[in-house]
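Participant: Residue numbers (the numbering used here), protein chains in the order written: chain A, 1 to 520; chain B, 1 to 642; chain F, 1 to 106.
Backbone N, C-alpha and C fix where the C-beta goes; we use that ideal spot for every residue, glycine too.
In this text the structure is predicted, and so the values were computed from the model without any measurement.
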Amino acid sequence: MNSFDQSALLLTILVPLAGAGLSMFLPRNRPNDAWYFAIFVSAITLVISIGLFVRYDFGVGGYQFQRIYEWLDAPLNIDLHLAMDGIAATLVLLNGIVLFGAVLISQTIKHRTRDFFVLLLSLGSGVFGVFVAQDLFFLFFFYELAVLPMYLLIGVWGSSTIFDPDRQRLWGIPIPFDLGSYNRPKEYGAMKLMLVLVAGSVLIWVGILALYVASAQVGQGTFSMVELGILAERGEFSPAFQNWVFPLFMIGFGVLAGLWPFHTWSPDGHVAAPTGVSMLHAGVLMKLGAFGIIRVGMVLLPDGAEAWMPVLIVLGTVNVVYGAISAMSQRDLKYIIGYSSVSHMGYVIMGIATLHPVGLTGAVLQMFSHGIMTALMFAMVGAIYERTHIRDITVLNGLMKRMGFASFFFAIAGLASLGLPGLSGFVAEFMVFVGVFKTYLPLAVLAVFGAALTAIYILRLLARTFYGEPDPRWEGLNDASPVEKSVGAAFVLILLFVGVWPAPLTRVINVGVDSVMRLF
Amino acid sequence: MVWAWLIPVLSFAAVPLIILFGKRLPGKGSPLAILAILAGFAIFWVVFAGFLSASPDTEGCEIGVGTEALTCNFQITWFEAGIPGADTKDHDRIEVAWGMTIDPLTVAMLGLATFVALMVQIYSLGYMHGDPRIDWYYAFHALFIASMLTLVLADNFLLLYVAWELVGLCSYLLIGFWHERPEPREAAKKAFIVTRIGDVGLLVGILLLWSQVGSFSMTETFAAVEQGELSQGVITVSALLLFLGAMGKSAQFPFHVWLPDAMEGPTPVSALIHAATMVAAGVYLVARAFPLFSASDTAMLVVATVGLITALGAATIALVATDLKRILAYSTISHLGLMMLSLGAFGYTAAIFHLLAHGFSKALLFLGAGSVMHSTEELDVRKMGGLRKVMPITAILFSIGALSLGGIPILAGFWSKDEILVAVNKDLPVIFIVLTLLTALLSALYMARAMFVVFYGRFAEQFEHVHDAPPTMWITMGLLAVLAIVFGLLALDLPGPFKGIGYAIFYHEGHGLEIVIWLAAVSTVLAIAAFIYGYLAYARKSVNLEGARRTFGWPLKVAENKYYVDEVYQWTVDRVVLSFSRFIAWVDRALVNDVGINGPGDVTRVLGDRLKYHVTGYVYTYALAMALGLIGLAIFWWVVSG
Amino acid sequence: MVPLIAFQVLSAALFAIGLYGVMARRSAVLIIMSIELMLNAVNINLIAAASHLDGMGKWANFDGQIIAIFIITVAAAEVGLGMAIILRMYRNRSTVNVDEINLMKW
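Structural data, given as structure tokens:
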């Protein structure tokens with residue numbers, strides 16, 4: 001262990017957190033300084049996360065870079081225990097990339113810039129914490145640290161959506177009563193996101209306490225996931241106990257993963273959030289939920305997981321198909337991406353629920369792939385909205401001629417999302433299909449069909465928004481700025497790289513999945 | 001031979017180069033794409049020579065399962081997923097390879113694809129001259145052909161699917177190339193989505209085979225089929241699922257709707273799609289998976305029936321269509337149907353032979369149509385006539401293509417069509433051969449119509465100042481025309497080592513040219529009669545068609561409206577799919593969100609609204625509450641403590 | 001010796017009077033006085049109970065007296081604070097009628 005290995009995990013958490021703290025001392029009225037400083041901080045975290053991923057030894061596998069910082073003794077036994085396995089390594093890398101991209105894209109934030117980056121960086125720190133924490137208390141702590149800044153980020157810097165009244169029609173017939181939430185101010189999005197996620201984390205907290213109490217009954221009470229994992233492997237937790245605790249984690253974390261029917265916060269939240277926050281939110285934050293189901297639910301409660309997976313996979317399938325069908329009739333660019341995220345997280349959920357090694361690998365790869373892809377989409381939509389101030393695809397048209405780069409990058413992301421081979425989405429979805437096919441055949445057919453539905457709404461969006469003769473209104477519209485171009489190009493390269501040569505990722509994920517699957 | 005992978009890779013490599021540097025290169029990067037495919041064509045000959053000299057002893061080569069033909073495999077691992085080191089047979093791990101297989105079928109397809117692509121790309125130099133986005137055009141072209149070449153080289157189903165989807169994407173990009181107009185935009189979307197729905201079947205079929213065999217490798221899959229490891233039901237279902245994909249790509253009924261619309265793209269693209277790529281992929285897939293298909297009688301019968309329905313239906317539409325490119329499009333659908341029919345009738349050689357012969361002829365016809373369109377900017381055959389006066393070269397070359405497809409003896413189309421007839425006659429009930437002959441007659445008739453109406457007869461005066469095609473265009477057409485004439489002779493036992501195509505591309509065992517005299521005679525007579533009738537009716541106008549029009553009143557109308565299939569689809573999409581989508585979106589808003597998620601929030605708020613009135617603000621209310629509470633607690637304690 | 005019950009009756013009566021005062025009076029000053037009454041009722045009860053504890057000998061247990069002293073201290077502080085608040089109230093609103101001071105309701 002060299003000094004990098006010893007401190008890297010702690011640094012991933014501390015660097016953005018310290019960056020957030022230091023940002024507070026920057027002068028209030030110089031937004032660019034805050035931006036430069038945030039770039040500097042997130043660049044360091046990016047380097048650390050790449051270093052961690054590269055230095056993770058997939059030949060050995062298991063948990064690496066272990067460090068334990070003692071905190072509270074018995075009877076609570078809470079330590080800051082950090083370690084990373086193959087699954088976490090991939091997601092840490094994802095967070096490093098997306099955080100850096102989101103900070104770069106946030107050049108356009110001019111209102112209270114400093115405060116924005118303080119919140120954004122602490123959010124990033126929390127996400128890193130969840131991925132590497134090996135102690136339930138700190139996992140929950142970082143989970144909340146990742147979720148709470150969202151409220152302010154959306155509420156202060158977000159944008160409201162007001163629909164025209166003819167939206168309230170069904171088959172052309174005006175609906176007599178007010179559906180209310182078609183007009184969605186940013187405060188609504190922020191509040192709903194916060195309340196739903198906090199409700200989910202209440203379930204998680206109850207589950208964590210139940211685990212602590214259960215471990216106290218068989219010996220020393222502990223929050224350490226390693227020790228709880230050993231207890232679980234020895235079969236100390238009765239199936240009855242696991243059967244009622246697992247759904248707490250399944251729903252609690254599932255809420256953040258956009259699990260149907262608790263997904264509606266996600267499109268509304270994505271739409272209201274500013275670009276950089278949408279990127280982090282859809283790109284990384286939703287993955288926390290899926291990661292939590294694997295890391296806490298499956299590893300600590302294997303019997304419960306096995307009993308509940310049929311439910312989870314059905315919900316996941318609903319996510320896929322329902323999300324895709326809902327996306328088909330949306331008119332707002334961001335809502336389409338929001339519902340497509342719901343649909344794509346469905347594949348992650350399905351992959352997890354297969355309890356099949358290939359399916360689980362696919363789920364993790366899909367998290368990575370979807371993270372990059374959806375972040376890219378939001379970045380480009382942000383660039384378009386910044387210039388046109390319109391997100392309605394029935395009004396936008398012919399942008400390809402005016403904003404060639406933005407359109408091109410968006411199109412690539414769209415193609416990745418409809419599962420085009422050669423881009424990362426295909427490899428991941430394919431593995432999920434393989435897993436589901438081996439375990440729940442009829443649902444696999446539905447899932448494959450869902451991928452075909454994705455093609456419909458993505459192509460509809462591309463055709464409406466980017467193709468055609470440009471509207472005279474777009475005369476003199478600038479293409480993406482250099483920063484947006486470089487973020488877009490980098491993300492496109494990642495999508496292509498993973499699509500063409502997924503082995504560098506899959507071999508790391510494989511060893512992580514291996515240790516999880518040993519329990520089943 | 002191991003260098004075959006270079007053929008697609010060169011074209012793949014051209015794509016990013018053109019996109020990134022095309023603007024600064026001469027010709028906007030178009031020479032790059034052409035050089036790549038030219039090199040591919042050259043390597044094809046090296047591979048061809050290598051394959052001819054290879055034997056089962058050559059490294060990587062063996063006698064293929066099912067086909068019993070020489071098959072060479074080369075592969076490297078692409079990625080693995082699942083438990084490291086687990087046995088793939090246990091399905092706990094998948095291993096996917098970049099692999100290629102080279103057998104007679106692949107070699108034939110490589111030759112067709114590289115040659116036609118080369119011709120089309122050179123032709124495009126003239127046709128697309130001056131287009132502002134010619135760099136993108138060539139980039140898409142290079143990607144298209146590279147994907148198609150990967151598809152025919154793939155040695156496992158997954159790689160095939162990868163290439164399959166990329167082919168679909170490229171057709172989308174090229175059909176919608178002129179996206180400023182709404183029609184290409186819609187046509188591109190339609191092509192992608194319709195084929196994509198077929199692809200669902202393909203992917204499910206591939207996964208089904210994987211779940212039984214534990215591998216994506218075609219060789220292993222076919223070996224498992226051969227050794228009876230798969231149940232008959234699985235074989236039939238997976239074959240039909242694969243066929244669903246093939247139906248989408250090869251535009252078989254009812255997935256044929258995208259192909260006629262696909263002509264909204266630049267004409268050279270249509271030539272490529274109709275001849276060498278995209279639609280050939282479906283036929284290729286069925287041929288490639290022939291060990292699987294031939295193991296199930298049901299699947300074979302379905303393939304034959306779908307093929308026949310498609311062939312006959314499309315031929316009738318082609319007969320009444322008024323748009324030159326649409327006539328050719330329906331003709332393609334019809335001929336693809338014939339190929340499927342042939343495959344369904346165990347006519348493996350005949351189908352591939354026809355695929356090649358049709359490929360050359362149809363590429364020629366489309367390039368000819370492109371030439372006409374390039375010069376006249378008109379596609380409605382009713383407005384054309386006697387164009388041979390101003391476009392003599394195009395007229396001659398187009399006529400060769402038409403005669404070849406019409407089945408006039410010694411031209412390529414004659415031989416391959418004859419082989420199909422023999423196969424259908426041998427293996428399927430009588431009704432099939434009757435309807436196939438009818439299709440052959442119709443096919444000759446609509447070809448005669450297209451040819452005579454456009455190039456012969458009374459000259460349409462408004463095209464007085466029209467010029468013939470530039471050299472890049474007619475030279476490529478000329479080369480294709482040469483092939484359309486002589487290619488059919490490959491069916492014969494030529495002097496030298498070549499004993500006929502039946503000994504080169506075969507399934508199970510080679511066979512020489514089979515000729516059933518009466519069939520050959522009937523089909524020849526039908527073809528010649530059709531062309532004579534066409535000449536009289538469309539060029540000389542000595543046959544009055546009004547009588548026929550009146551006799552076939554409503555069937556004509558039905559055919560002119562393409563059997564209303566498009567309308568049915570449109571109705572389904574608008575009324576069913578989109579309505580359902582809107583309904584689900586409404587459910588999501590009104591029920592899941594406003595009731596499910598907002599509901600608890602609203603209940604809380606309303607409760608708070610009601611309950612707030614207990615806060616009266618009067619001190620004695622609070623005091624009373626405190627006192628009552630105290631008394632209540634005291635009573636409670638008294639009761640509990642007994 | 002006076003029986004314990006006598007003290008308890010006195011204490012209960014005083015407490016009830018105080019409670020009535022708190023609930024029925026409108027003047028803040030009177031309410032504070034009533035609260036004092038209630039607190040003293042409790043004090044009587046505590047001291048009486050402490051001095052009647054059996055079996056421990058006289059003055060064996062000072063708990064009641066200690067709590068009573070606490071209460072007296074707290075009550076003094078409370079009166080001080082309460083009177084201060086009432087004074088401010090009177091300055092601001094020219095009334096000590098609690099019915100008119102209902103800003104804190106919904």
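Could you tell me whether the stretch 126–136 of chain B touches the stretch 383–394 of chain B, using the rule of 3 or more Cβ pairs below 8 Å?
Facilitator: These segments do not touch.
Participant: Shorter than 9 Å from the beta carbon of R582(B) to some beta carbon of chain A?
Facilitator: Yes, because at least one Cβ of chain A sits closer than 9 Å to the Cβ of R582(B).
Participant: Going straight from the alpha carbon of L153(A) to that of L280(A), what length do you get?
Facilitator: Looking at the two C-alpha atoms, the distance is approximately 11 Å.
Participant: Only counting the same chain, and skipping five residues up and downstream in sequence, which positions put a Cβ closer than 6 Å to that of G60(B)?
Facilitator: So the qualifying residues of the chain are C72, N73, F74.
Participant: Is L80(A) close to the ligand NAD? I mean its beta-carbon at under 8 Å from any heavy atom of the ligand.
Facilitator: In the structure shown, the ligand NAD is absent, as is every other ligand, since no ligand is present at all.
Participant: Cβ closer than 7 Å: which chain F residues qualify as neighbours of G629(B)?
Facilitator: Under the 7 Å cutoff, chain F gives no residues; its nearest Cβ is about 12 Å from G629(B).
Participant: So the alpha helix (DSSP H) M191(A) belongs to, where does it begin and stop?
Facilitator: From DSSP, the alpha helix (DSSP H) with M191(A) extends over 186–217.
Participant: Are at least three pairs of beta-carbons, each pair with one atom in the stretch 273–290 of chain A and one in the stretch 323–333 of chain A, less than 8 Å apart?
Facilitator: The answer is no - the stretch 323–333 of chain A does not touch the stretch 273–290 of chain A, with fewer than three Cβ pairs under 8 Å.
Participant: Under 8 Å Cβ to Cβ from Y151(A), same chain only, skipping five residues before and after it: list those, please.
Facilitator: So the list reads A190, M191, L193, M194, once near-sequence residues are dropped.
Participant: Is the CB of H263(A) under 9 Å away from at least one CB in chain B?
Facilitator: Taking Cβ atoms only, chain B reaches closer than 9 Å to H263(A), which makes this a yes.
Participant: Per DSSP, which residues does L70(B) bridge with? Please list them.
Facilitator: Per DSSP, I63(B).
Participant: Tell me which residues share the same chain as G180(A) and place their Cβ nearer than 7 Å to its Cβ, disregarding the 5 neighbours each side in the sequence.
Facilitator: Note on G180(A): pLDDT 41, under 50, position unreliable in the model; no value is reported.
Participant: So what does DSSP say about A83(A), is it helix, strand or coil?
Facilitator: If DSSP states are grouped into helix, strand and coil, A83(A) belongs with the strands.
Participant: Quick one: give me the first and last residue of the alpha helix (DSSP H) that I515(B) is part of.
Facilitator: Premise fails: I515(B) is in no alpha helix (DSSP H) and is neither H nor E.
Participant: If you measure beta-carbon to beta-carbon, which residues of the stretch 200–230 of chain B are closer than 8 Å to chain A?
Facilitator: Residues passing the 8 Å Cβ filter: V200, L203, V204, L207, L208, W210, S211.
Participant: Would you report the Cα separation of Y330(B) and A299(B), rounded to the nearest angstrom?
Facilitator: Each residue's alpha carbon lies about 25 Å from the other.
Participant: Provide the residue(s) that pair with F79(B) in DSSP beta bridges, ordered along the chain.
Facilitator: Paired residue(s): V96(B).
Participant: I want to verify the contact list: residues of chain A whose CB lies under 9 Å from the CB of E165(B), in sequence order.
Facilitator: The contacting residues are G419, L420, P421, G422, F426.
Participant: Anything in the stretch 461–489 of chain A with a Cβ closer than 7 Å to a Cβ of chain B? List those residues in chain order, please.
Facilitator: The residues in question are A463, Y467, G468, E469.
Participant: Give a yes or no on whether the C-beta atoms belonging to G176(B) and F253(B) are separated by under 9 Å.
Facilitator: Result no, Cβ atoms of G176(B) and F253(B) do not sit closer than 9 Å.
Participant: Relative to the alpha-carbon of F552(B), which residue among T221(B), A281(B), L319(B) has its alpha-carbon at the smallest distance?
Facilitator: The option with the nearest alpha carbon to F552(B) is L319(B).
Participant: Using 9 Å as the threshold, is the C-beta distance between S399(B) and F360(B) below it?
Facilitator: Their beta carbons are not under 9 Å apart, which means S399(B) does not touch F360(B) by this criterion.
Participant: Go through the stretch 486–574 of chain B residue by residue and report every complete run of the alpha helix (DSSP H) that reaches 4 residues or more, in order.
Facilitator: The stretch 486–574 of chain B contains these whole alpha helix (DSSP H) runs: 517–534, 546–551, 553–560, 565–571.
Participant: List the residues of chain B whose Cβ lies closer than 8 Å to the Cβ of N531(A), in chain order.
Facilitator: With chain A running from 1 to 520 in the structure shown, residue 531(A) is simply not present.
Participant: Beta-carbon separation of S294(B) and T236(B) under 9 Å?
Facilitator: No.
Participant: Shorter than 9 Å from the beta carbon of G642(B) to some beta carbon of chain F?
Facilitator: Not an interface residue.
Participant: What does the Cβ neighbour count give for F138(A), buried or exposed, with the cut at 16 atoms within 10 Å?
Facilitator: F138(A) comes out buried.
Participant: Pair every Cβ in the stretch 556–571 of chain B with every Cβ in the stretch 309–321 of chain A, then say whether three or more of these pairs are closer than 8 Å.
Facilitator: Segments in contact, no.
Participant: Can you confirm whether G617(B), when its beta carbon is compared against all beta carbons of chain F, has any partner nearer than 9 Å?
Facilitator: It does; some Cβ of chain F falls within 9 Å.
Participant: Span of the beta strand (DSSP E) holding Y69(A)?
Facilitator: Here the beta strand (DSSP E) through Y69(A) covers 64–72.
Participant: F378(A) and I87(A) - do their beta-carbons sit closer together than 9 Å?
Facilitator: No, these two residues do not count as a Cβ contact at 9 Å.
Participant: Any beta-carbon of chain B closer than 9 Å to the one on L179(A)?
Facilitator: Residue confidence for L179(A) is low, a pLDDT of 46 falling below 50, so the modelled location carries little weight; the figure read from the coordinates is stated next. Answer yes: the Cβ-Cβ gap between L179(A) and chain B drops below 9 Å somewhere.
Participant: Could you check where the alpha helix (DSSP H) with G418(A) kicks off and where it finishes?
Facilitator: The sequence given here places Leu at residue 418(A); Gly does not occur at that position. Unbroken run through L418(A): none, as it is neither H nor E.
Participant: If you follow the alpha helix (DSSP H) that W178(B) is part of, which residue opens it and which one closes it?
Facilitator: That residue, W178(B), is in no alpha helix (DSSP H); it is neither H nor E in DSSP.
Participant: Taking 9 Å as the CB-CB limit, is L633(B) close to chain F?
Facilitator: Closer than 9 Å: no.
Participant: Counting along the chain, where does the alpha helix (DSSP H) carrying R382(B) start and finish?
Facilitator: Counting along the chain, R382(B) falls outside any alpha helix (DSSP H), and DSSP gives it neither H nor E.
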